[in-house]
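From first to last, the protein sequence lines stand for chains A and B. The first sequence: position 188 = 187 (numbering that gives the first Met the number 0), numbered continuously. The second sequence: position 182 = 181 (numbering that gives the first Met the number 0), numbered continuously. No residue lacks a Cβ here, since even glycine has one placed at the ideal position from N, Cα and C. Keep in mind the model is a prediction, meaning the values are calculated, not measured.
Number of protein chains: 2
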Amino acid sequence: MSLVVIGTLAYDSVETAHDKRENALGGSAMYFAVAAAPYVTPQLVGAVGEDWRDEDTAMLKARGVDLAGLEVVPGGKTFRWGGRYEPDWNTRHTTFTELNVLESFDPKLPAGYDASKFVFLANAHPAVQMQGLSQVKDPIFSVADTMNLWIDIALDDLKALMQKVDALILNDEEARMLTGENNLIRAAQKVLTMGPKIVILKKGEHGAFIMGEGLHFSLPAYPVTEVIDPTGAGDSFAGGFMGFVAKTGDASPGTLRRAMLHGTVAASYCVQGFSVEDIGKRGLGDYDERFNELMQIVTL
Amino acid sequence: MSLVVIGTLAYDSVETAHDKRENALGGSAMYFAVAAAPYVTPQLVGAVGEDWRDEDTAMLKARGVDLAGLEVVPGGKTFRWGGRYEPDWNTRHTTFTELNVLESFDPKLPAGYDASKFVFLANAHPAVQMQGLSQVKDPIFSVADTMNLWIDIALDDLKALMQKVDALILNDEEARMLTGENNLIRAAQKVLTMGPKIVILKKGEHGAFIMGEGLHFSLPAYPVTEVIDPTGAGDSFAGGFMGFVAKTGDASPGTLRRAMLHGTVAASYCVQGFSVEDIGKRGLGDYDERFNELMQIVTL
């Protein structure tokens with residue numbers, strides 16, 4: 000079934016202990032769409048500037064991403080983000096942020112997108128996420144991502160959004176910040192009292208878990224032996240997760256449990272290259288192969 | 000089948016952010032034996048001093064631990080260890096160590112123990128572990144634990160021991176220190192080139208994995224919502240793991256995979272109390288209940 004993603008596209012400058020990239024394709028909605036594309040045709044809603052490169056449009060189209068919702072802002076410049084990772088990967092420093100076209104981003108869904116049954120609100124200001132969600136008529140399953148910045152400066156908007164979405168996806172640091180609970184199980188339980196019926200908590204290299212009424216499933220990460228760049232791993236997790244859910248067409252506990260493995264697979268390909276250099280080449284055959292391998296590792 | 004454990008007994012002084020205990024029952028072999036006791040009768044080999052308390056002997060006997068190998072050293076004093084945990088539990092400071100009777104610990108297996116089929120060499124000097132192992136005639140499955148101190152000051156002894164045991168169990172920090180590999184999968188692979196056919200890598204609150212030829216199984220920790228004291232969690236993991244393996248009577252990949260869940264269950268009870276205050280009260284019914292709960296959380 001149809002899957003719409005509303006969020007950011009970016010040009011990222013990323014430095015790791017081993018290598019770096021300048022102005023590499025990035026952004027929350029971009030990573031999500033590339034990760035979900037083997038399962039469904041993601042409908043991407045986002046804004047870029049006049050500096051947006053034709054080759055990036057071509058890559059996303061070739062990947063099977065629907066770009067009817069890609070707005071090129073006249074006179075605008077694409078969002079830029081810079082980051083540097085410590086050798087242990089656990090610490091990331093943001094070196095710069097240029098919002099550019101995001102300063103006035105007001106998502107408008109193209110004709111037909113309002114009928115989408117699965118909605119992912121990739122990381123963006125929660126008021127923007129709400130604006131996007133409100134245009135979808137009758138979703139079966141809507142999920143929002145967020146980040147520490149919004150918990151810090153737009154908590155009321157985030158709380159309002161949490162009343163409207165079916166699920167919230169966030170990482171360990173964000174969960175602790177949002178709830179004030181250090182223990183992640185208690186943090187997840189507290190998120191469930193704030194609106195969403197379901198919470199998906201990502202722990203990076205330590206895996207992820209999903210929790211809701213009658214639902215609790217936890218799994219380790221796929222054992223990647225060489226991480227190249229963790230940027231976008233969380234968005235790719237969400238893309239693999241939601242892509243599988245949308246393809247299956249329901250949000251039953253059984254589907255959501257299996258979807259956690261698909262998210263794990265997508266994230267594992269993402270971190271094997273800068274930008275979407277690795278995951279962008281991975282088709283359904285690669286996804287299936289690693290899904291089966293992961294099944295061997297995580298089930299009795 | 001029979002399970003012998005050789006290692007330490009201690010009186011620990013532990014301080015957490017919330018509470019503390021002075022001279023609480025501790026030690027690697029003690030935690031292991033208490034954790035394994037619901038499955039088999041652990042044969043404990045270790046030394047204590049004249050200050051050893053009768054109540055601790057009584058508790059271990061009531062738990063079903065065979066104490067024929069407990070040596071009370073005349074004029075000796077029991078090993079003492081002090082530790083303090085940071086509020087996030089991830090950092091532990093050793094506040095003091097008094098080796099006492101451990102300075103001259105030379106394990107001697109009582110009559111009959113030499114026929115034991117399953118052997119656990121709990122954390123101790125690797126030369127002591129070797130001395131213990133050499134007295135067991137024909138074990139089906141032998142596992143050694145270690146710690147950063149021995150990697151630092153007794154690496155040659157540890158390397159010699161690794162040639163003799165079937166499996167090595169260690170935590171993430173120890174694995175990185177022993178192999179020089181930051182990535183834990185690569186670290187585990189490197190351990191497998193150093194002698195043992197199997198490696199079990201514990202990651203604390205992030206779970207554990209087991210790896211060997213044709214064997215790779217990974218699982219998250221049981222979701223404990225209130226940790227009281229993590230001391231002994233790794234030894235308890237090993238106890239639950241080896242207790243189940245010894246009860247089953249084989250070390251096939253299928254048994255070892257299931258045993259990882261039993262180890263996880265034992266560790267989860269251990270951290271719910273100081274010393275063995277919680278796990279010491281848990282019988283097979285508790286173990287089974289939590290095993291089934293964990294199965295729901297980790298399998299599709």
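Taking Cβ-Cβ distances shorter than 9 Å, what residues in chain A pair up with residue i?
| i | result |
| --- | --- |
| Arg185/B | Thr224, Glu225 |
Indicate whether residue i and residue j have their beta-carbon atoms separated by less than 8 Å.
| i | j | result |
| --- | --- | --- |
| Ser1/A | Gln42/A | yes |
| Asp144/B | Ser27/B | yes |
| Ala237/B | Ile168/B | yes |
| Val142/A | Ala166/A | yes |
| Gln128/A | Leu177/A | no |
| Asp50/B | Thr94/B | no |
| Lys116/B | Ile139/B | yes |
| Glu212/B | Lys196/B | yes |
| Ile150/A | Thr224/B | no |
| Val297/A | Leu24/A | no |
| Asp228/B | Thr96/B | no |
| Asn182/A | Asp87/B | no |
| Arg256/A | Leu299/B | yes |
| Leu293/B | Pro37/B | no |
| Met58/A | Gly279/A | yes |
| Gly68/B | Tyr112/B | yes |
| Tyr30/A | Asp234/A | yes |
| Asp156/B | Pro125/B | yes |
| Met193/A | Lys158/A | yes |
| Met146/B | Glu173/B | yes |
Taking residue i and residue j to be in contact with their CB atoms under 8 Å, please state how far apart those CB atoms are, rounded to whole angstroms.
| i | j | result |
| --- | --- | --- |
| Gly239/B | His261/B | 4 Å |
| Ala207/A | Leu218/A | 7 Å |
| Asn122/B | Gly6/B | 6 Å |
| Val39/B | Ala258/B | About 12 Å separates the two Cβ atoms, so there is no contact after all. |
| Ala46/B | Gly242/B | Rounded, the Cβ-Cβ distance is 23 Å, inconsistent with contact. |
| Ala9/A | Arg79/A | 6 Å |
| Val302/A | Leu120/A | Nothing about residue 302/A can be read from this structure; chain A reaches only from 0 to 299. |
| Val64/B | Ala32/B | 5 Å |
| Val100/A | Gly75/A | 4 Å |
| Ala232/B | Val270/B | 5 Å |
| Asp277/B | Tyr286/B | Contact flag wrong, Cβ pair sits at about 13 Å. |
Which residues in chain B sit within 9 Å of residue i, going by Cβ to Cβ distance?
| i | result |
| --- | --- |
| Val275/A | Simply none; closest approach about 22 Å. |
Residue i versus chain A: which residues are under 7 Å apart at the beta carbon?
| i | result |
| --- | --- |
| Gly206/B | Pro219 |
| Asp87/B | Asn181 |
How far does the alpha helix (DSSP H) with residue i in it extend, from its first residue to its last?
| i | result |
| --- | --- |
| Tyr268/B | 252 to 269 |
| Thr247/A | 232 to 247 |
| Val190/A | 183 to 190 |
Let's see if you can read the secondary structure: which residues bound the beta strand (DSSP E) around residue i?
| i | result |
| --- | --- |
| Lys201/A | 197 to 201 |
| Phe216/A | 214 to 218 |
| Asp65/B | 65 to 71 |
| Met294/B | Note, Met294/B: premise wrong, no beta strand (DSSP E); alpha helix (DSSP H) at 283 to 297. |
| Met0/B | Run containing Met0/B: none; DSSP gives neither H nor E here. |
| Trp149/B | Here Trp149/B belongs to no beta strand (DSSP E); instead the alpha helix (DSSP H) covers 147 to 152. |
| Leu311/B | Chain B is shown from 0 up to 299; residue 311/B falls before or after that span and cannot be answered. |
| Ile209/A | 207 to 211 |
| Glu14/A | 9 to 14 |
| Phe140/B | 140 to 144 |
Give me the chain B residues within the contact set of residue i, using Cβ-Cβ distance strictly less than 7 Å, ordered along the chain.
| i | result |
| --- | --- |
| Ile168/A | Ordered by position in chain B, no residue passes the 7 Å Cβ test against Ile168/A, which lies about 17 Å from the chain. |
| Thr298/A | Thr298, Leu299 |
| Phe216/A | Ile296 |
| Arg256/A | Leu299 |
Output, in chain order, the set of chain A residues within a Cβ distance shorter than 8 Å of residue i.
| i | result |
| --- | --- |
| Asp287/B | The premise fails here: Asp287/B is roughly 16 Å from chain A at the closest Cβ pair, so nothing lies under 8 Å. |
Report whether the distance from the Cβ of residue i to the nearest heavy atom of the ligand GTP is below 7 Å.
| i | result |
| --- | --- |
| Asp165/A | The ligand GTP is not part of the structure shown, which contains no ligands of any sort. |
Shorter than 8 Å from the beta carbon of residue i to some beta carbon of chain C?
| i | result |
| --- | --- |
| Leu43/B | Within the model displayed, chain C is absent; protein chains A and B are what it includes. |
(message) As an exercise, report each continuous beta strand (DSSP E) stretch of at least 3 residues that is fully enclosed by the segment 16 to 40 of chain B, in chain order.
(response) The qualifying runs are 19 to 25.
(message) Runs of 4 residues minimum, wholly inside the segment 53 to 128 of chain A: which ones carry the alpha helix (DSSP H) assignment?
(response) 53 to 62
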